[in-house]
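Engineer: Here it is: the structure, laid out below.
Protein chains: 2
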Amino acid sequence: MFFKRQVRDFINIDPLQTGGKLTEDARKVLLEWGDGYSICDYCTGKLESISKPPVNRFVDELRDFFDCDGVRLTTGAREGKFAVMHALHRENPEKSLVVVDGNAHYSTLLAAERAGLEVLKVENSGYPEYRIDEEKYREILEEAGEKTLLAVLTYPDGNYGNLPDAKKVSKICRELGVPILLNCAYSAGRMPLSMKELKADFVVASGHKSMASSGPVGVLAFSDEFSKVLTRESRYKKGKEVEFLGCTARGVPLLTLMASFDHVRERVKYWDREVEKARWFIEEMEKLGIVQLGEKPHNHDLIFFESEKLYQISKRVKRGRYFLYKELKKRRIHGIKPGLTKHFKLSTYLVPEEDLVRVLEAFEEIISNFS
Amino acid sequence: MFFKRQVRDFINIDPLQTGGKLTEDARKVLLEWGDGYSICDYCTGKLESISKPPVNRFVDELRDFFDCDGVRLTTGAREGKFAVMHALHRENPEKSLVVVDGNAHYSTLLAAERAGLEVLKVENSGYPEYRIDEEKYREILEEAGEKTLLAVLTYPDGNYGNLPDAKKVSKICRELGVPILLNCAYSAGRMPLSMKELKADFVVASGHKSMASSGPVGVLAFSDEFSKVLTRESRYKKGKEVEFLGCTARGVPLLTLMASFDHVRERVKYWDREVEKARWFIEEMEKLGIVQLGEKPHNHDLIFFESEKLYQISKRVKRGRYFLYKELKKRRIHGIKPGLTKHFKLSTYLVPEEDLVRVLEAFEEIISNFS
Chain A
5 MFFKRQVRDF INIDPLQTGG KLTEDARKVL LEWGDGYSIC DYCTGKLESI SKPPVNRFVD
65 ELRDFFDCDG VRLTTGAREG KFAVMHALHR ENPEKSLVVV DGNAHYSTLL AAERAGLEVL
125 KVENSGYPEY RIDEEKYREI LEEAGEKTLL AVLTYPDGNY GNLPDAKKVS KICRELGVPI
185 LLNCAYSAGR MPLSMKELKA DFVVASGHKS MASSGPVGVL AFSDEFSKVL TRESRYKKGK
245 EVEFLGCTAR GVPLLTLMAS FDHVRERVKY WDREVEKARW FIEEMEKLGI VQLGEKPHNH
305 DLIFFESEKL YQISKRVKRG RYFLYKELKK RRIHGIKPGL TKHFKLSTYL VPEEDLVRVL
365 EAFEEIISNF S
Chain B
5 MFFKRQVRDF INIDPLQTGG KLTEDARKVL LEWGDGYSIC DYCTGKLESI SKPPVNRFVD
65 ELRDFFDCDG VRLTTGAREG KFAVMHALHR ENPEKSLVVV DGNAHYSTLL AAERAGLEVL
125 KVENSGYPEY RIDEEKYREI LEEAGEKTLL AVLTYPDGNY GNLPDAKKVS KICRELGVPI
185 LLNCAYSAGR MPLSMKELKA DFVVASGHKS MASSGPVGVL AFSDEFSKVL TRESRYKKGK
245 EVEFLGCTAR GVPLLTLMAS FDHVRERVKY WDREVEKARW FIEEMEKLGI VQLGEKPHNH
305 DLIFFESEKL YQISKRVKRG RYFLYKELKK RRIHGIKPGL TKHFKLSTYL VPEEDLVRVL
365 EAFEEIISNF S
């Protein structure tokens, strides 16, 4: 049975989706490598060592791209986080706490929960900027003491698109002897990023979120220091790594990640333009009375808006809180969650300026029509 | 960058691949839903509840197909096994042992290892049939006693294609109060299968191995009895299940699984023909002096062969043990691992009879040319 995707040709401002749109090459490899387990044509036992297609070369390129010591392919950022927490906890069963930022994605909390760990939050600054104060990591980590297994920083978070100073947090963690993982699901593949420069121990990335790939696929980058713990081999099967169950992203999403990688390496160079475009879009939205929350000036394409106007309209129109979604859908604009009016998020990443103008016009029109 | 798949148009007898070949509909959804996270267009928080595309309806159909109480989508059979072991162990930390059959896939062992569990094997009967004696489960389980968390039976195993009497094993497990998981990576999607009839508590299946899907995607079927333990919700995020990190197969492989499902439901009805064809193929191979190991008569399309002749040839020809692989490649036949001559496995599943005739002719020719 065939399933049609209704919003395929819409202007797409869905925060989850703007960074995962496939390149033409990625679309071609879908058909070429779609059959189940075709990635294993020439596998000799290890995904990262396959030479046809050249996964091995790609992994080397990823290592350069992340500027790290080691790389493993995963089925996504969350699976990378769980692997790190689970592996570290096995080595340090007496350490049972993960310190995370208050803007952490829910999957960070679930990864800790699944690994049997407690979570302590470095709360954000609250309305309207929801900033993470890097120095607060010191406070919380000192308070938590010896039982801290890992610190996690979301860089940026998926709600407000806030980009904390990761290097500052890493330095604090280093001083206090706590390993740090950066959740880069919304940065790796969008902006330049060096794990060594950020002084992190682990970076998790998402192919489907920010590297122009089909899901589920991700990358876990790590430093030599933790390589042994993370890549422990099975005592039952030579060469198979326990924490990755022997093999992870064994399918076509990996091929799309590989096929899009030239494009991804290139696009991160133009990150400044994307930030500029996001700022321009924010400015235009604010002219309509729709206010941006989160860091100002803003440093990312993920944007969180607050609109009292749209909320007031929703209270009196026929379709209630679904009116905004319906109005945007009518204009073939996808990405703002059904039912939201007062607070919603969107992404301008790689959305052409003329499409963003249409989005702005849509908001203007909707507000004016319903006022 | 585009990557060409060298063996795409070959006759494919790779045991990993014959059951994962896409249907035409699955190929179409690849392009329609290839973009990252497009499955989330209308998600309201739970993969299995998405109605556009109709994942929710599909999950109902899977429940019927497996004849079970509950279903979760996974990224593959191994991830399903780990989820079960990990969830059960959390509930029963005092139970630290998994009893598995001697033909278990390595990923079963790794799943146990990752979950921190010991493994005890019900050994097979050895050369030439490598059978699993169902009654031995009783012996081993009684010996293991209270500390057994779970029993696993590979149905069939991926080496010999042996199909033990799963119902018999399940009954023994029930008598002794041990939950049983069937690894059906090579059966679900190939042959009819009822979890209730087999009296199992869990079934794991693989989309890319046996359900005409792109990888990575799988199914975990379970009984009501274990639903609560397995689908425990996060204390941090409402509605998100801890053991599945909130979401699993969030991408296009799931769409291929859905698109191929009509075909899969239909094809299992003709399983008898596939067994018949496999038996015929075995007969023909044995006429060439290539002997089938594993159960006789054989009940599956996965076939393990032993050939003293090919092995002897490999010892004196220029390309050594790679000669068989090269000779088959020359004839555009893919699926026997490079370097194997004495022992190798293949699958006849859904391979047209005329192609199997070409495979047989190839073996005949190779043996005769090199003798």
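First to last, the protein sequences are chains A and B. Per the numbering used here, the first sequence starts with residue 5, numbered consecutively. Per the numbering used here, the second sequence starts with residue 5, numbered consecutively. Ideal Cβ placement from N, Cα and C applies to all residues, glycine included.
I'd like to know if A/Val256 contacts chain B, where contact means its C-beta is closer than 8 Å to some C-beta of that chain.
Structural biologist: yes
Engineer: Under the assumption that B/Leu157 contacts B/Ala170 (Cβ atoms under 8 Å), give the Cβ distance between them as a whole number of angstroms.
Structural biologist: 6 Å
Engineer: Starting from A/Met195, follow its DSSP beta bridges and name the residues at the other end.
Structural biologist: A/Ala192
Engineer: Using DSSP's beta-bridge definition, name the partner residues of B/Glu245.
Structural biologist: B/Glu237
Engineer: Taking all protein chains shown into account, decide if B/Asp266 is buried (16 or more other Cβ within 10 angstroms of its Cβ) or exposed.
Structural biologist: exposed
Engineer: According to a CB-to-CB cut-off of less than 9 Å, which residues of the segment 198–212 of chain A neighbour chain B?
Structural biologist: Residues Ser210, Gly211 and His212.
Engineer: Between A/Gly222 and A/Glu52, what straight-line distance do the alpha-carbon atoms span, to the nearest angstrom?
Structural biologist: A/Gly222 and A/Glu52 have their C-alpha atoms spaced approximately 13 Å apart.
Engineer: Would you kindly check if the distance between the Cβ of A/Tyr110 and the Cβ of B/Lys244 is under 8 Å?
Structural biologist: yes
Engineer: From the DSSP secondary-structure annotation, give me the bridge partner or partners of B/Ile337.
Structural biologist: B/Ile15
Engineer: If you draw a straight line from the C-alpha of A/Pro19 to the C-alpha of A/Ile337, how long is it?
Structural biologist: Straight-line Cα distance between these residues: approximately 13 Å.
Engineer: Report yes or no: is there a C-beta of chain A within less than 8 Å of the C-beta of B/Thr235?
Structural biologist: no
Engineer: Have a look at B/Asn187 and B/Gly49 and give me their C-alpha separation to the nearest angstrom.
Structural biologist: 29 Å
Engineer: From B/Glu36 to B/Ser227, what distance separates their C-alpha atoms?
Structural biologist: 34 Å
Engineer: In three-state terms, what does DSSP make of A/Ala155?
Structural biologist: strand
Engineer: With three or more beta-carbon pairs closer than 8 Å as the criterion, would you say the segment 201–209 of chain B touches the segment 322–337 of chain B?
Structural biologist: Touching, no, given that fewer than three Cβ pairs across the two stretches are closer than 8 Å.
Engineer: Does A/Asp29 come within less than 8 Å of chain B when only Cβ atoms are used?
Structural biologist: Against chain B, the CB of A/Asp29 has a partner CB under 8 Å away; the residue lies at that interface.
Engineer: Between which two residues does the alpha helix (DSSP H) harbouring A/Gly268 extend?
Structural biologist: The amino acid occupying residue 268 of chain A in the given sequence is Val; Gly does not appear at that position. From DSSP, the alpha helix (DSSP H) with A/Val268 extends over Phe265 to Arg271.
Engineer: Within 10 angstroms of its Cβ, does B/Gln21 collect 16 or more other Cβ (buried), or is it exposed?
Structural biologist: buried
Engineer: Give a yes or no on whether 8 Å exceeds the smallest Cβ distance from A/Arg194 to chain B.
Structural biologist: It does not: the Cβ of A/Arg194 has no partner Cβ on chain B nearer than 8 Å.
Engineer: Among all the DSSP beta bridges, which residues are the ones paired with B/Ser351?
Structural biologist: B/Leu306
Engineer: Using beta carbons (cut-off 8 Å, strictly below), is A/Gly250 in contact with chain B?
Structural biologist: yes
Engineer: Between A/Ala108 and the rest of its own chain, which residues show a CB-CB distance below 8 Å, the 5 nearest in sequence each way excluded?
Structural biologist: Taken in chain order, the residues that qualify are Lys125, Val156, Thr158, Asp161 and Asn187.
Engineer: Sort A/Asp39, A/Asn16, A/Glu139 and A/Phe7 by Cα distance to B/Asp13 and report the nearest one.
Structural biologist: Comparing Cα-Cα distances from B/Asp13 to each of A/Asp39, A/Asn16, A/Glu139 and A/Phe7, the minimum goes to A/Asp39.
Engineer: I need the boundaries of the alpha helix (DSSP H) containing A/Glu287, first residue and last residue.
Structural biologist: Trp275 to Lys291
Engineer: Please report the straight-line C-alpha distance between B/Leu306 and B/Pro132, rounded to a whole angstrom.
Structural biologist: 15 Å
Engineer: According to DSSP, simplified to helix, strand and coil, what is A/Thr48?
Structural biologist: coil
Engineer: Which residues mark the beginning and the end of the alpha helix (DSSP H) in which A/Gln316 is found?
Structural biologist: Glu312 to Arg320
Engineer: Under 8 Å between beta-carbons, which chain B residues line up against A/Met5? List them in chain order, please.
Structural biologist: Asp29, Met262, Ala263, Phe265 and Asp266
Engineer: Could you pull the start and end residues of the beta strand (DSSP E) that A/Val103 belongs to?
Structural biologist: Leu101 to Asp105
Engineer: Got a sec? Which residues, its chain only, sit under 8 Å from A/Arg67 by beta carbon, not counting five neighbours each side?
Structural biologist: Asp73, Gly74, Val75 and Ala225
Engineer: From the DSSP secondary-structure annotation, give me the bridge partner or partners of B/Arg76.
Structural biologist: Its beta-bridge partners are B/Leu224.
Engineer: Run through DSSP, which three-state label would A/Asn166 get?
Structural biologist: coil
Engineer: Kindly indicate which three-state DSSP category B/Glu133 falls into: helix, strand or coil?
Structural biologist: coil
Engineer: Name the two residues that bound the continuous beta strand (DSSP E) containing B/Gly122.
Structural biologist: Here the sequence assigns Glu to residue 122 of chain B, which means Gly is not the residue at that position. Unbroken beta strand (DSSP E) run through B/Glu122: Glu122 to Val126.
Engineer: Find the residues of chain A that neighbour B/Glu247, judging by a C-beta separation of less than 7 Å, and give them in chain order.
Structural biologist: Arg118
Engineer: Give the C-beta separation of B/Phe7 and A/Pro57 to the nearest angstrom, bearing in mind that I take them to be a contact with Cβ-Cβ under 8 Å.
Structural biologist: 4 Å
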